[in-house]
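For the record, the sequence lines run as chains A, B, C and D.
Numbering-wise (my numbering), the first sequence opens with residue 152 and increments by one.
Numbering-wise (my numbering), the second sequence opens with residue 223 and increments by one.
Numbering-wise (my numbering), the third sequence opens with residue 257 and increments by one.
Numbering-wise (my numbering), the fourth sequence opens with residue 13 and increments by one.
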Amino acid sequence: MMLVPFIGISAIIFAIGVYGALTRRNAIGILMSLELIFNAANINLVAANKFLNLENSIGIIFPIFVITIAAAEAAVGLAIILSIYRQTKTVYVEKINIMKW
Amino acid sequence: MLLTLVTFIPLIGGLALLFVPKGKDNIVRGIATAAAAVALIISLMVLLGYDKSIGGMQFIEQCCWIPSLNVTYFMGVDGLSIAMLVLTTLLSLISVIYSYNVTSRVKEYFFFFLLLETGMLGVFLALDFFLFYVFWEITLVPMYFLIGIWGGPRKEYAAIKFFLYTLFGSVIMLLGIIALYFTSAPHTFNMLELAKQAPLFTKLFQNVIYVALFIGFAIKVPVFPFHTWLPDAHVEAPTAVSVILAGVLLKMGTYGMLRVSYSILPQAVVYFALPLAVLAMINIVYGAYCAMAQKDLKKMIAYSSINHMGYVLLGMAAMTTAGLNGAIFQMFNHGIITGALFLLVGVIYDRAHTREIEGFGGLGSIMPVYTGIMTVAVFASLGLPGLSGFWSEFMCFLGAFQVQNTWMKIITGFSAIGIVVTAAYFLIMIQKVFLGPANEKWKGLSEINTRELISVVPLIIIMVVLGFLPRIVMELSSASVDSMLKALGTIKP
Amino acid sequence: MNTALLKDFIYLVPEIFVLCLGILILGFDLFIPERFRRRYIINLSVWGLLLSLVLLVYAPAKGLILGNMVSIDAYGVFFKGIIILSTVFALTMARYYAPIKDEVIGEFSALVVFAALGMMFMVSSSDLLMIFLSVEFVSIAFFVLTGYIKNDPKSAEGALKYFLIGAFSAGIFVYGMSLVITSTGTTNLKAMTEILRGPGAYSPLFICGFLLMLVGFGYKIAMVPFHSWAPEAYEGAPTPVTALLSTASKAAGFAVLLRVALAAVTGKGDLVMALAVLSALTMTAGNLMALQQNNVKRLLAYSGIAHSGYILMGVVAACSGTAPALGITSVLLYAFVYMLMNIGIFAVIIAFFNKTGSDDMQSYSGFSKSNPYLALVLVVFLVSLAGIPPTAGFIGKFYVFSAIIQAGQKFLWLAIIGIMNSVIALYYYFRIAYFVYFGEQKDERKVELSTGLAVIAGVTAVLVLLACIYPDPFISAAAGSVLNLW
Amino acid sequence: MLLLLLFAVVAIISALMVVSMKNIMHCALFLALFLLSVAGIFFCLDADFLGIVQILVYVGGIIVLILFAVMLTSRVSSALMEQTNEQKGLAIAACLLLVAAITTAAFKTSLVTAFYGADPEGTTRTTGELLLTVYALPFEIASVVLLVSLIGAIVLAGKKGE
């Protein structure tokens with residue numbers, strides 16, 4: 152039953168990330184919260200790999216790809232944030248509202 | 223091939239219209255007339271070629287269409303469809319001729335009109351449920367545009383209301399069709415095949431499907447309480463479109479009930495006969511009273527349609543030879559008579575630009591020919607003996623009264639009120655509009671012109687001829703009615 | 257080294273070809289002078305994609321390859337066909353879409369081609385790892401494409417909202433996956449199917465994980481309540497990208513959702529019911545919100561949400577256990593049909609936008625008087641979107657309703673909600689027709705239809721009509737793709 | 013074991029800081045601490061290669077990127093502004109529910125677990141081999157994803173096309 156505590160830890164981190172993503176007004180802040188969520192998933196996977204001995208070490212391989220995607224997403228996301236900052240001079244999500252939400 | 227030809231000739235004509243260069247409106251009118259005329263000629267050929275002594279489905283055309291769904295392109299005619307076929311092509315040609323007075327966006331007008339004709343013909347000829355449904359829905363779109371572009375002051379409202387109501391009905395019908403398909407074994411959309419399988423369907427299933435299909439058909443007829451789209455659509459539509467709407471489109475509803483429900487769901491038909499009779503009664507009485515209350519001539523005739531379709535429903539609910547024959551005959555007659563009435567209202571509206579009954583008076587001395595024609599049409603509509611309307615209404619009532627059921631007799635008795643009221647409001651209308659001293663304001667109105675005469679007179683002739691020789695239609699319908707009754711007769715209510 | 261495994265790459269020839277095409281475009285871009293760039297680059301990408309379509313048709317089916325990462329099957333080929341076709345259409349539109357400047361058309365085309373590549377992988381993924389990777393691949397490409405118009409705050413805003421919601425749902429998606437992997441011990445869908453057929457396989461952890469994964473899918477297909485990005489992104493994005501987002505991206509989303517759902521929820525009544533509820537919510541909310549829109553692109557976004565609801569009906573039927581084949585067929589067919597009509601209508605919208613610079617419904621007033629033929633084509637698409645014969649939309653609707661009815665009485669309520677919705681939908685589609693045909697003419701100028709747009713609008717309109725008049729080839733193609741899904 | 017607990021506690025606390033600090037710069041720094049402690053967890057769970065990747069890519073790459081963005085937009089990212097919106101209470105409730113649901117589900121699920129010994133060579137070699145065989149396709153795709161994000165970031169943030 153060693154696995155369950157890890158799921159608990161990752162669940163807590165996941166929830167913190169979700170909380171941050173829901174409440175942050177700063178787009179960069181939201182981005183950081185998202186990194187928490189990705190890491191929560193990784194902790195789960197690594198722990199599963201350790202205690203369930205998954206086939207082909209998927210529990211270690213999967214996080215590598217998650218990190219890769221997170222990096223790619225962060226790069227594109229920050230580029231989007233910068234380009235909107237140049238036009239509207241703000242990174243606050245509520246203020247970016249030409250179209251109705 | 224004749225049936226395919228008659229169905230698609232209007233469509234081909236319509237597509238040909240699209241290639242006519244801009245501004246050549248007379249060429250457009252010519253092509254449209256030619257297409258409608260050819261369709262009428264072919265339908266008359268079908269009528270003459272139909273062997274009444276054998277009855278049943280003839281001119282059958284069947285070929286593969288969507289093999290994966292077991293859908294076939296399947297067309298055929300029996301007495302019921304032939305009556306509708308001739309009615310449709312005749313009224314279409316007349317409406318096309320009457321529509322020469324349309325001057326804005328002529329090309330689009332006739333394109334939509336011919337597309338509509340194809341849809342209507344397809345509905346009456348299809349024997350495959352899928353095909354039937356496709357044609358059924360094809361009629362909606364052109365009708366929307368015909369009302370919405372060329373209609374009266376509240377045309378947009380009327381058009382979308384018509385569209386939403388009828389689409390609602392038809393999608394519910396679609397569910398019923400799909401359910402029928404999956405219940406039949408092997409899965410089929412073939413109406414004749416489904417009719418053969420009818421005994422296999424459970425009673426509950428039949429009732430559920432009947433209700434689903436009924437909603438679709440009832441909105442078209444329209445049966446109370448689904449009728450509210452009708453006055454709007456009829457009043458706002460341009461004259462020729464009102465003719466088609468009242469003359470043909472409403473028949474699609476009753477035709478569907480007879481063709482589909484009566485052959486495929488006999489148990490449910492018997493089960494729901496009495497409720498249907500009640501609805502018929504409401505249609506007759508309510509329609510008549512509403513018509514009486516109208517001040518607008520066109521609206522009055524629109525409500526009289528509700529009343530007249532009530533007779534059809536009553537005849538259908540009776541499920542006797544006389545009742546069903548009367549219903550089919552009444553469908554045909556109503557198309558002819560109401561078509562003529564709408565044309566005639568159009569004639570006067572074009573001149574006076576008003577349809578207020580109160581505003582007219584003494585038109586009889588100003589437009590004697592017009593008055594004469596109008597009077598004949600009105601008398602036919604209220605069922606004066608000697609004109610065609612009498613026979614069909616009489617048979618509907620006779621059929622309903624023959625049923626050995628006290629409730630049915632009571633309902634029929636109450637429905638008779640409708641006849642009296644109808645006679646009353648039509649006579650009041652005649653008196654207010656045509657009799658009495660000539661109103662100074664309308665002295666300048668010109669007599670009905672040749673184009674209008676060409677479109678109305680054939681209808682009047684038919685009313686008179688059928689008034690003396692109702693046999694012509696009866697012979698056609700009775701063969702189909704017999705087979706329908708044979709299927710229904712085995713079921714005890 | 258296990259070289260036998262690597263030989264399987266031969267089955268990925270269409271994908272590899274598309275990848276090379278993307279890189280070729282990037283290189284080509286450097287050497288073409290700016291004034292020819294638009295024409296040459298778009299031509300190169302369009303013809304390249306068409307060639308890959310040929311390769312696709314002749315590529316042999318193989319089943320699971322490369323460590324069971326992807327499944328090369330007819331199901332995937334069908335969706336890849338949809339994806340490539342809509343990408344070709346979108347690129348052709350982009351050639352005539354002014355806001356995308358000449359100097360960035362090279363990167364634009366390359367990104368579109370890469371997005372198509374990602375979607376091609378998405379539809380054949382048969383492993384959670386591949387699904388995650390390809391879904392994110394496509395998302396990242398679309399984030400960029402949505403924000404592609406420089407100095408247009410709407411475009412940037414659409415991209416930001418799309419990105420934030422997209423990345424958020426990606427996080428939830430991957431977390432859900434981690435729970436699913438923990439509870440089943442595998443990432444492979446085939447293995448998962450077998451494990452889940454075992455006793456007690458539906459552990460609470462698995463259900464938790466699957467529901468979280470559903471968020472990710474829901475986002476991809478614009479399912480309520482994860483739809484809120486769609487109108488923003490659709491309105492802000494360059495219209496060719498909107499067309500692509502609403503067709504290919506959605507089709508790919510459904511392809512992968514259906515694969516996962518078939519593996520994960522087939523026969524699990526509660527989860528199927530949850531999907532059914534989501535389907536009902538999606539179509540109803542989409543339609544009700546579409547009623548209030550005045551911008552045509554936004555309206556199509558909401559109508560697209562509603563259409564997602566209809567397709568979900570097919571997914572529900574496919575997973576119900578009683579109508580698997582018909583359910584899958586209906587999803588395939590609907591995705592195809594929806595692609596046709598949406599691409600067509602977006603082509604008309606672009607043609608109109610190029611003249612007036614507006615997407616507002618009111619500006620369509622009197623359109624039929626200045627452009628009778630284009631207006632007629634527009635009506636064909638509207639009729640099809642409303643699901644009325646004789647158009648492709650009817651065949652699609654007919655199939656999803658058939659599937660849901662065959663799925664049993666348990667889902668009859670869903671069919672009835674679907675019916676109600678198609679009536680609501682009619683109202684707003686014909687509000688456009690209302691302006692086009694009944695409105696007062698404001699602008700007498702004729703819309704100059706460029707050849708490419710005319711070809712797209714014409715071809716799709718003919719196909720839309722053909723798909724109802726002679727639907728058998730389309731139906732057999734869809735039905736044939738259901739076989740040998742694993 | 014104790015080390016693992018320590019890392020976990022640090023990770024959770026720094027995660028809380030990331031979502032609650034007012035100054036966005038501090039958030040970024042706490043994010044770095046969080047990522048490092050997650051790397052620590054990875055090491056403790058015998059995922060050494062992954063731990064290194066975590067440090068190199070995340071702390072070395074993403075954090076730097078975020079810091080850049082924070083500084084470029086610093087004018088508005090001041091500590092004076094309210095950083096959270098009004099839905100705080102609702103969000104807290106939802107998140108607590110989420111944790112409760114997942115942990116209950118985990119407890120109720122019978123997971124057959126065992127503690128597998130660590131590979132004395134570390135995981136780097138096997139990981140590398142797997143990436144080039146079984147996971148060859150995802151590996152290739154990941155490289156295309158990076159290419160796409162590279163082009164995308166350049167297009168969006170660059171001056172071309174303005």
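Think of the CB as a built atom: it goes at the ideal place given N, C-alpha and C, for glycine as much as any other residue.
Here the alpha carbon of Thr644/B sits roughly 9 angstroms from the alpha carbon of Ile506/B.
Collapsing the DSSP output to three states places Gln549/C in coil. The C-beta distance from Val299/B to Val268/B rounds to 6 angstroms, short enough to fall under 8 angstroms. Residue-level contact by beta carbon fails for Val242/A and chain C, as no gap is shorter than 7 angstroms. The beta-carbon of Ile153/D is placed less than 7 angstroms from the nearest beta-carbon of chain C.
Only Phe419, Leu420, Ala423, Phe424, Ala426, Gly427, Ile428, Val430, Tyr431, Met433, Ser434, Leu435, Ile437, Thr438, Gly441, Thr442 and Thr443 from the stretch 419 to 450 of chain C bring a Cβ to less than 8 angstroms from some Cβ of chain A. Note that the C-beta distance between Glu359/B and Gly370/B is not below 7 angstroms. Taking 7 angstroms as the CB threshold, Ser234/A lines the interface with chain C.
By the beta-carbon neighbour count (other beta carbons within 10 angstroms, threshold 16), Gly456/C is exposed. Sorting Phe352/B, Ala455/B and Thr410/B by C-alpha distance to the C-alpha of Lys383/B places Ala455/B at the top. Taking a C-beta distance under 7 angstroms as the contact criterion, Asn547/B and Ser314/B do not qualify as a contact pair.
Every alpha helix (DSSP H) stretch that sits fully inside the stretch 394 to 457 of chain C and reaches 4 residues is listed by chain position as 409 to 440 and 445 to 453. For Val587/C against Ile660/C, the beta-carbon gap comes to about 11 angstroms, at or over 8 angstroms, which does not count as contact. Beyond the five residues adjoining it in sequence on each side, Ile167/A comes within less than 7 angstroms, by CB distance, of Leu187 in the same chain, given in chain order. If you draw a straight line from the Cα of Ala486/C to the Cα of Gln284/B, it is about 47 angstroms long.
With contacts defined as CB atoms closer than 7 angstroms, Gly475/B and Gly509/B fail to qualify as a contacting pair. Your pair Tyr404/C and Ile356/C checks out as a contact, with CB atoms roughly 6 angstroms apart and the cut at 8 angstroms. Residues of the stretch 46 to 67 of chain D with a Cβ closer than 8 angstroms to any Cβ of chain A, in chain order: Phe46, Leu47, Val50, Ile53, Phe54, Leu57, Asp58, Ala59, Phe61, Leu62, Val65 and Gln66. Short of 8 angstroms from the beta carbon of Leu240/B, and not among the five residues preceding or following it, lie these beta carbons of its own chain, in chain order: Lys329 and Phe333. Against chain D, the CB of Ala397/C has a partner CB under 7 angstroms away; the residue lies at that interface.
Taking the C-beta atoms as reference points, Val463/B is found no nearer than 7 angstroms to Met342/B. The CB of Leu41/D never comes closer than 8 angstroms to any CB in chain A; the least such distance is about 11 angstroms. The continuous alpha helix (DSSP H) containing Val274/C extends over residues Val269 to Phe287. Nearest CB-CB separation between Leu416/C and chain A: below the 7 angstroms threshold. Here Gly414/C has Thr402, Glu488, Ala489, Gly492 and Ala493 as same chain residues with Cβ atoms under 6 angstroms from its own Cβ, once five neighbours each way along the sequence are excluded. In terms of beta-carbon proximity, Tyr685/C stays away from the interface with chain B, with every pair separated by 7 angstroms or more. Here Met153/A is exposed: its Cβ has fewer than 16 other Cβ atoms, across all protein chains shown, within 10 Å. Taking 7 angstroms as the threshold, the shortest C-beta distance from Phe216/A to chain D falls below it. Where Gly608/B is concerned, there is no enclosing beta strand (DSSP E), because DSSP gives it neither an H nor an E. Taking a contact as a CB-CB distance under 8 angstroms, the pair Ala574/C and Ala681/C does not count as one, their CB atoms being some 23 angstroms apart. Under the Cβ distance rule, Gly164/D counts among the residues neighbouring chain C, one pair being separated by less than 7 angstroms.
For Gly478/B, same chain residues with a beta-carbon under 6 angstroms away, outside a window of 5 residues either side, are Phe439 in chain order. Its chain contains Ile652 as the residues whose beta carbon lies nearer than 7 angstroms to that of Thr597/B, once the 5 sequence neighbours on both sides are disregarded; these appear in chain order. For the 7 angstroms CB-CB criterion, Ala371/C and Ala397/C form a contact. Listed in chain order, the non-local C-beta contacts of Glu133/D below 8 angstroms within the same chain number zero, local neighbours out to five positions each way being set aside. Between Lys666/C and the set Phe399/C, Tyr352/C and Asp526/C, the nearest pair of CA atoms involves Asp526/C.
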